[in-house]
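Residues in the sequence shown are numbered consecutively from 328, following the working numbering.
Note that beta-carbon positions come from the ideal geometry of N, C-alpha and C, so glycine has one too.
These numbers come from a predicted model, not from an experiment.
In what follows, a single structure is set out as structure tokens and then discussed.
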Amino acid sequence: MAILDVIEWPDALARDIVQRVPARGSGEFRIGSQLVVREHQAAVFFRDGKALDTFGPGRYTLTTANIPLLTELISIPFGGKSPFRAEVYFVNTRTFTEMKWGTPEPIALRDKDLGMVRLRAFGNYAMQVVDPQLFVNKIVGARGLYQTSDIQDFLRGIIVSRFTDFLGEAGVSLFDLPRMYDEIGAGARARASDDFKALGIELKAFYVQSINTTEETQKAIDERAAMGAIGDMQRYVQFKTA
């Protein structure tokens, strides 16, 4: 295997989160190899199932001094030029703003006016990898390329769970939901932030775009509205005949 004298990720796409170098197996590197880390990137050296030394943007010449964890793990002698095997994970640290979330199935909540209701909710959120080493250890594994589509379902599960928890505990009436999207989004974001942080991710923003009722819940709403209209008419007749 050829020694990699220049280690870089020059062609990241908007949906790419992590690129492994090499894409498969371990690479051959040496003290003196050049590491190029572009803006909005971090580079994490990985060996034997552990994320080790991490680099921010810049151009580096590898030395035993700037890869101390890897040096200690594989016992590179001071000033040694012998090749060593490892992987480098380049992590895209820009903010991903077009992440979608939604309830795959209706969620059941107790409404103070209608009793048990079933809702669907949708929105988007923004996230950023803020701890590349933790993210690689927790999420990426041995993949050669990791994109937003690879993590979206997992993160959606966290979001829907925390969204449901918040909405259930808030006790908001279904009739008040449309004017409270901002408050609900802020509450759900606060609930989910610690889960994201444990993965090395910051939940930068969270938005609720729509909360819709199922057909049976909408029927209950219509019936309540009809009963309200009947009640109003009865009160009007009583007023006129008084």
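Classification of residue i by the beta-carbon crowding that lies within 10 angstroms, buried from 16 upward
i      : result
Phe333 : Checking the sequence shown, residue 333 turns out to be Val, not Phe. It is exposed - the Cβ of Val333 has fewer than 16 other Cβ atoms within 10 Å.
Ala443 : Sequence inspection shows Met at residue 443; the Ala mentioned does not correspond to that position. It counts as exposed.
Leu480 : The question names Leu, but residue 480 in the sequence shown is Asp. So Asp480 counts as exposed.
Ser360 : buried
Gln545 : exposed
Glu414 : buried
Gln346 : buried
Leu340 : exposed
Gln368 : buried
Ala370 : buried
Ile330 : exposed
Asp509 : exposed
Three-state class that DSSP yields for residue i in the structure shown
i      : result
Asp276 : Residue 276 lies beyond the residue range present for the chain, which begins at 328 and ends at 569; the question has no answer from this structure.
Lys439 : coil
Gly471 : coil
Ala515 : helix
Ala341 : coil
Glu542 : helix
Leu446 : strand
Thr422 : coil
Glu510 : helix
Val463 : helix
Asp332 : coil
Leu494 : helix
Other residues of its chain near residue i: CB distance less than 7 Å, five sequence neighbours each side excluded
i      : result
Leu396 : Leu379, Asp380
Val499 : Met507
Leu436 : Val444, Leu446, Leu494, Gly495
Thr424 : Ala453
Leu530 : Tyr452, Met454, Arg516, Ala519, Ser520, Phe523
Ser353 : Arg412, Ala413, Glu414
Sequence-distant residues of its chain with Cβ nearer than 6 Å to residue i (five each side left out)
i      : result
Arg447 : Thr430, Pro433, Asn539
Whole-number beta carbon distance between residue j and residue i, since they are thought to touch under 8 Å
i      : j      : result
Phe533 : Tyr452 : 5 Å
Arg421 : Thr541 : Not really, about 38 Å apart at Cβ, beyond 8 Å.
Phe382 : Leu400 : With 8 Å as the limit, Phe382 and Leu400 do not qualify as a contact, their Cβ atoms being about 17 Å apart.
Leu441 : Ile511 : Contact flag wrong, Cβ pair sits at about 18 Å.
Own chain partners of residue i with C-beta closer than 8 Å, once the 5 adjacent residues on each side are dropped
i      : result
Ala513 : Phe533
Met426 : Asn451, Tyr452, Ala453, Met454, Thr475, Gln479, Leu482
I'd like to know if the region 455-469 and the region 482-494 are in contact, where contact means that at least 3 CB-CB pairs between them fall below 8 Å. no
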